[in-house]
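In the numbering used here, the protein residues as written are 262 to 817.
Quick reminder that beta carbons are idealized off the backbone N, C-alpha and C, glycines included.
If you're wondering where the values come from, they're calculated on a predicted model, not measured in any experiment.
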């Protein structure tokens, strides 16, 4: 590969960022502190500009060593708590009455002028050819910093002779965070270094939040190309991956991702085990949902389809928390409470865990079960209290509907209902009540489960409550026919499905009878199940035995 082509790629990205609110200058890499993985000039400039009283206290207590004391304490806190926690909660220093802030993220209700001023003062910097290593002169193409703290790195490759795989391999084999027999690399260490690492080419983007040498597993961060992997052609005629630095790394977008989207999951010992960074389709759909609700107001219907393995659970958790914090242009809350409904008898543990992990303040999420009291009493207490998110099963939903209707009529409260996996094949009174709330007109017929997710937003039974539905597995008849509003969003991950589900009988062209004849046809030689009454002798013996037993039981 011609080196000048990759350099031109770097230059184009850096110049675009510099023109849109980022700090960038040739030679910045020389001011980088390898041992601390910090850009000291930005750390000190941020503290002096936004917290002058705290800086005066530091200089009064430590004199000429104030800067060194601050940087040493900051590095120590990064090692103990991780970069994300330090960015969001600051650090404590001897002699200061309150923690020293290292960043200011815009809150849901952004009306405090001091907070807005500090938010505007955030220093985003891009540094190219960053020599990061304590042991050699290896360099990373791009380093992204927020107020001097590392938040991302990027390896760039042009598509002339290299591909995205070369950038990924460079991270896996040449960017080891813990070289054997040597000290760890501060910039690449988890969770005290950069929060995310991007592999970028002209046509694709992949990312990972934890480097682990050859075992590092990157995830696609692509738009998808008409349902396939990769990215579509850029309508402006530029790089297919220009959305990364033009949209994702845009100043307000990037600060929102760092402040609201990134999640640190902890183990039983309260140690960070994983950092969740949203993939592009998750970022896109949650932002579109919020924008649509703010534009249309409560009462619309929204549909989102997720493909398998695309992070539906995290999308639900992000959406629930964002809707619970959503304020309109007049700074009024759009919803008082978000009700998350699962169609399982036992609430999905993964969904419940994600909702609790994503909460910023403890006590805002309540789970309704039959333990420790009646469901109806607990629901009424949670919905009428200060709980922002209430989680229940579809069996508990009738109790919730009664409480929602009563509170909407008597107190004027508004609720968002997110139904996880609520599809048209559900039956029973609880499912019927859920469909009655989510579908103002006819409900669709039965349909097979698909790897998709629906989110709808509609009025409650009395017109006072509002509901935001996330449902799954729609049939074509269960989807609303009206398409005059932009209510449908796609959140399909641009990755191929390994084992797509069969929807027709594989023995249609054979003479082997099926176990359950189709009710749609008078023929007994075809059905929509994959279980035949007999298998060819070449098929596995164990499968033949187990299937034969089931078929015999069916005949009896």
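### Message
Quick check on the DSSP output: the alpha helix (DSSP H) that includes residue 412 runs from which residue to which?
### Response
Run containing residue 412: none in the alpha helix (DSSP H); it sits in the beta strand (DSSP E), 410 to 418.
#### Entry: residue 262, DSSP secondary structure in three states
Unreliable positioning characterises residue 262 in this predicted model, as indicated by a pLDDT of 37, which lies under 50. The coordinate reading is nonetheless provided below. Coil.
### Task
Name the two residues that bound the continuous beta strand (DSSP E) containing residue 603.
598 to 603
### Query
Using the beta-carbon count (16 or more within 10 Å), is residue 314 buried or exposed?
exposed
### Query
For residue 289, which option in 381, 369, 330 and 404 has the closest C-alpha, if you only look at C-alpha atoms?
404
### Task
Have a look at residue 267 and residue 678 and give me their C-alpha separation to the nearest angstrom.
48 Å
### Task
Can you say whether residue 556 is buried or exposed, counting buried as having 16 or more other CB atoms within 10 angstroms of its CB?
exposed
### Message
Checking 7 Å against the spacing of the C-beta atoms, do residue 550 and residue 563 come in under that value?
### Response
yes
### Query
When you compare only the Cα positions, how much space is there between residue 422 and residue 658?
57 Å
### Task
Could you have a look at residue 475 and say whether DSSP puts it in helix, strand or coil?
strand
### Query
What is the DSSP secondary structure of residue 595, counted as helix, strand or coil?
coil
### Message
Check for me: the beta strand (DSSP E) holding residue 650 runs from which residue to which?
### Response
650 to 654
### Message
Taking the straight line between their C-alpha atoms, what separation do you get for residue 532 and residue 494?
### Response
42 Å
### Message
For a test of the three-state rule: what should DSSP assign to residue 545, helix, strand or coil?
### Response
helix
### Message
Taking 8 Å as the cut-off, does the segment 661 to 670 touch the segment 582 to 592 (at least 3 CB pairs, one atom from each stretch)?
### Response
no
### Query
Is residue 416 near residue 371, with beta carbons less than 7 Å apart?
no
#### Entry: Buried versus exposed call for residue 604 [16 or more other C-beta atoms within 10 Å across all chains shown]
buried
### Query
Is the segment 447 to 465 in contact with the segment 339 to 354, if contact means three or more CB pairs nearer than 8 Å?
yes
#### Entry: Under the three-state DSSP convention, the category residue 564 falls into
strand
### Task
Starting from the Cα of residue 483, find the closest Cα among 475, 468 and 474 and give me that residue.
468
### Query
By DSSP, does residue 538 sit in helix, in strand, or in coil?
coil
### Query
Is residue 300 near residue 406, with beta carbons less than 7 Å apart?
yes
### Query
Roughly how many angstroms separate the alpha carbons of residue 736 and residue 653, rounded to a whole number?
Low confidence applies to residue 736: its pLDDT is 44, below 50, so where it sits in the model is not reliable enough to give any reading.
### Message
Measuring alpha carbon to alpha carbon, tell me which residue in 498, 408 and 379 is nearest residue 386.
### Response
408
### Task
Kindly indicate the opening and closing residues of the alpha helix (DSSP H) around residue 308.
301 to 311
### Task
Could you check the C-alpha separation between residue 575 and residue 344 for me, to the nearest Å?
21 Å
### Task
If I'm right that residue 398 touches residue 392 with Cβ under 8 Å, what's the distance once you round it to whole angstroms?
6 Å
### Own chain residues within Cβ distance below 7 Å of residue 395, not counting five before or after
295, 296, 444 and 446
### Message
Just to confirm, is the Cβ distance from residue 361 to residue 354 under 7 Å?
### Response
yes
### Message
Three or more C-beta pairs under 8 Å: does that hold for the segment 494 to 512 against the segment 277 to 287?
### Response
yes
### Query
What is the DSSP secondary structure of residue 645, reduced to helix, strand or coil?
helix
### Message
With distance defined between alpha-carbon atoms, name the residue in 618, 431 and 481 nearest to residue 522.
### Response
618
### Query
For residue 474, which of 490, 463, 441 and 645 has the nearest alpha-carbon?
441
### Query
If we ignore side chains and look at the alpha-carbon of each, how far apart do residue 350 and residue 519 end up?
13 Å
### Message
Spatial neighbours of residue 347 within its chain, please: C-beta separation below 8 Å, excluding the five flanking residues on both sides.
### Response
335, 338, 339, 363 and 410
### Task
Rounded to whole angstroms, what's the CA-CA distance from residue 734 to residue 566? Just pull it up for me.
Here the model assigns residue 734 a pLDDT of 41, short of 50, so the residue's position is not dependable, and the following value carries that caveat. For residue 734 and residue 566, the distance between alpha carbons rounds to 9 Å.
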